[in-house]
DNA sequence: GTATCCATGTAAATGGTTACATGATTCG
DNA sequence: CGAATCATGTAACCATTTACATGGATAC
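Chains as they are written, first to last, in the numbering used here: chain A, 1 to 173; chain B, 174 to 346.
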C-alpha cells in the first residue's frame, strides 16, 4: 500500500513474490488487519471502487496518518528475529539418528539452498534489466541478503556432510 | 530428556544455552507438553523424586516409546523454516525512510552478528576443550552453522551500508 | 463447460509469549 | 535478612495458520 493502492489479494501476491524468503502473511492476517488499519485511520478503502467492474474488489490506500506511522515504525529498532530451524534441531539430536538420515536431510537442505541462491541471483538480474522502469534498489539489497545467507547455508551443509562422513570413517577403522 | 533425565526447568536452561540461536521455548510451552508427553506414554516422571530434597522438582525421563517416536521424528524431512526478518522488511521499505535510519539499523545488525560469530566461535573452542568428557560433535556442527550464517549477515550488512552510501553520494553530485 | 484465477472473508484450531502466583533454597 | 536462583505452573492474551465458503472472470 505504501507503494501503490492495493487490494488484499494483490498485497498477498506481492508478499509471495517479493518477500517470501524473509516474510509471509496469510489471508487470515491480511484481511482483518486491513479493516483494522481503516478503523484506525491509517488507510482508507475506496467504496466507489467496490464492484466497479463487477468484481468485489476493495482497493486500499494509505493515508497521511498511515505514512507518518510507517516512518515512525521504520525508525524503531528492528526486533531481533526468532528463528526455528528444525533441521538444526534434528542435527543436534544426531546421536539418536542414523548417519544416513542426517546425510539425507543435509543433502536436501543443500539442494534447496543452492536453488534459492540461483533464484535470488536471477531475481537480481531481472531487477537490473527493469531498473529504469521501477525503483528496485531496496529489493535488490534484500535479495542480496538472500544470496549471502543461502550461500552460507549451502556451504555449511556441505561442510557438515563432510565432517559426518569423516567421523564415520574414523569410527569404522 | 533424550540425553538425560531432566526437569522442566533444566530443559528450559538447556535450550537457552545450547539452542537459543536457532530454537526457543517458554515455560508456557514446556510444562504443558511435558504433561502431555507423560499422558501419551512418551515420557514418565519419577513420583519418588517429587519433593525428594524438600523441592518440588519433577524429573522426567524418556520412555522406549518416546525414543521410538524421536527416531521417527528425526527421519521425517525437516520443515522448511518460516523466517521473519524485520530488518529486511524495513530495508525493503527504504524509500520511505531516511538514509540515516537505514544505516543505523544496518550498523546495529552488523554489530550484533559480529558478536554472535565471536560467541559461536568461543563456544566451539569450549566444546573442543571438553571433547573428552562430553559428546559434543553435533553441538559443534550446529554452532558451525551459526558461524557461517552470522558471518554472512555481517558481511551483507557491511555491503548494504556501502551500497547505500555510494548511492547517496551519486544523488548529491 | 470446467478449471483456474481473482477476490473477500471467517471460524476454529494451533502455536507461542507474557505476566503472574507460589514457595523453597542458596549465597553473600 | 535480602537477593538471586531453582522450580512449577496457569490464565490471558496475542499471533498465525488452516480450512472452508462464496462467487465472478478468464482461458482453454
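Don't be surprised by glycine CBs; every beta carbon is placed ideally from N, CA and C.
Beta-carbon separation of residue i and residue j under 8 Å?
{"i": "residue 69 of chain A", "j": "residue 31 of chain A", "result": "no"}
{"i": "residue 138 of chain A", "j": "residue 186 of chain B", "result": "no"}
{"i": "residue 252 of chain B", "j": "residue 86 of chain A", "result": "yes"}
{"i": "residue 315 of chain B", "j": "residue 91 of chain A", "result": "yes"}
{"i": "residue 233 of chain B", "j": "residue 289 of chain B", "result": "no"}
{"i": "residue 286 of chain B", "j": "residue 330 of chain B", "result": "yes"}
{"i": "residue 104 of chain A", "j": "residue 58 of chain A", "result": "no"}
{"i": "residue 101 of chain A", "j": "residue 168 of chain A", "result": "no"}
{"i": "residue 279 of chain B", "j": "residue 334 of chain B", "result": "yes"}
{"i": "residue 308 of chain B", "j": "residue 77 of chain A", "result": "no"}
Looking at the secondary structure, which residues open and close the beta strand (DSSP E) in which residue i lies?
{"i": "residue 145 of chain A", "result": "Run containing residue 145 of chain A: none in the beta strand (DSSP E); it sits in the alpha helix (DSSP H), 137–172."}
{"i": "residue 233 of chain B", "result": "233–235"}
{"i": "residue 217 of chain B", "result": "216–218"}
Just to make sure I have the definition right: I need the residues of chain A whose C-beta is within less than 9 Å of the C-beta of residue i. Which are they?
{"i": "residue 326 of chain B", "result": "145, 148, 149 and 152"}
{"i": "residue 197 of chain B", "result": "82, 83 and 84"}
{"i": "residue 238 of chain B", "result": "Result: empty, since nearest Cβ-Cβ is about 14 Å, beyond 9 Å."}
{"i": "residue 292 of chain B", "result": "Here the premise fails: no neighbours, minimum Cβ distance about 14 Å."}
Along chain B, which residues have their Cβ under 7 Å away from the Cβ of residue i?
{"i": "residue 163 of chain A", "result": "314"}
{"i": "residue 71 of chain A", "result": "269 and 270"}
{"i": "residue 167 of chain A", "result": "310"}
Helix, strand or coil for residue i, going by three-state DSSP, please let me know.
{"i": "residue 29 of chain A", "result": "helix"}
{"i": "residue 6 of chain A", "result": "strand"}
{"i": "residue 260 of chain B", "result": "helix"}
{"i": "residue 112 of chain A", "result": "helix"}
{"i": "residue 224 of chain B", "result": "Note that residue 224 of chain B scores 46 on pLDDT, short of 50, meaning its location in the model is unreliable; the coordinates nonetheless yield the value given after this. In this structure, residue 224 of chain B counts as coil in the three-state DSSP scheme."}
{"i": "residue 189 of chain B", "result": "helix"}
{"i": "residue 21 of chain A", "result": "coil"}
{"i": "residue 270 of chain B", "result": "coil"}
{"i": "residue 174 of chain B", "result": "coil"}
{"i": "residue 69 of chain A", "result": "helix"}
{"i": "residue 184 of chain B", "result": "helix"}
{"i": "residue 211 of chain B", "result": "helix"}
{"i": "residue 290 of chain B", "result": "helix"}
{"i": "residue 125 of chain A", "result": "helix"}
{"i": "residue 249 of chain B", "result": "coil"}
{"i": "residue 131 of chain A", "result": "coil"}
What is the C-beta distance between residue i and residue j, in whole angstroms, given that I count them as a contact (C-beta under 8 Å)?
{"i": "residue 152 of chain A", "j": "residue 321 of chain B", "result": "4 Å"}
{"i": "residue 81 of chain A", "j": "residue 257 of chain B", "result": "6 Å"}
{"i": "residue 159 of chain A", "j": "residue 317 of chain B", "result": "7 Å"}
{"i": "residue 37 of chain A", "j": "residue 66 of chain A", "result": "7 Å"}
{"i": "residue 140 of chain A", "j": "residue 127 of chain A", "result": "5 Å"}
{"i": "residue 124 of chain A", "j": "residue 62 of chain A", "result": "That pair is no contact at about 28 Å."}
{"i": "residue 219 of chain B", "j": "residue 283 of chain B", "result": "The pair is not a contact, with the Cβ atoms about 48 Å apart (cut-off 8 Å)."}
{"i": "residue 270 of chain B", "j": "residue 34 of chain A", "result": "Actually they are not in contact, since the Cβ atoms of residue 270 of chain B and residue 34 of chain A sit about 23 Å apart, beyond 8 Å."}
Going along chain B, which residues have a C-beta under 8 Å from residue i?
{"i": "residue 101 of chain A", "result": "247 and 248"}
{"i": "residue 87 of chain A", "result": "251 and 254"}
Please compile the residues from chain B whose C-beta is within a distance smaller than 9 Å of the C-beta of residue i.
{"i": "residue 135 of chain A", "result": "268"}
{"i": "residue 108 of chain A", "result": "250 and 251"}
{"i": "residue 92 of chain A", "result": "191, 192, 195, 196, 311, 312, 314 and 315"}
Which residues in chain A sit within 7 Å of residue i, going by Cβ to Cβ distance?
{"i": "residue 216 of chain B", "result": "Per Cβ cutoff of 7 Å: no residues; residue 216 of chain B is ~15 Å from chain A at best."}
{"i": "residue 212 of chain B", "result": "Per Cβ cutoff of 7 Å: no residues; residue 212 of chain B is ~22 Å from chain A at best."}
Against residue i, what residues of chain A qualify as contacts under a CB-to-CB distance less than 8 Å, listed in chain order?
{"i": "residue 329 of chain B", "result": "144, 145, 148 and 149"}
{"i": "residue 343 of chain B", "result": "Near residue 343 of chain B there are no residues of chain A at all, since even the closest Cβ is about 11 Å away, more than 8 Å."}
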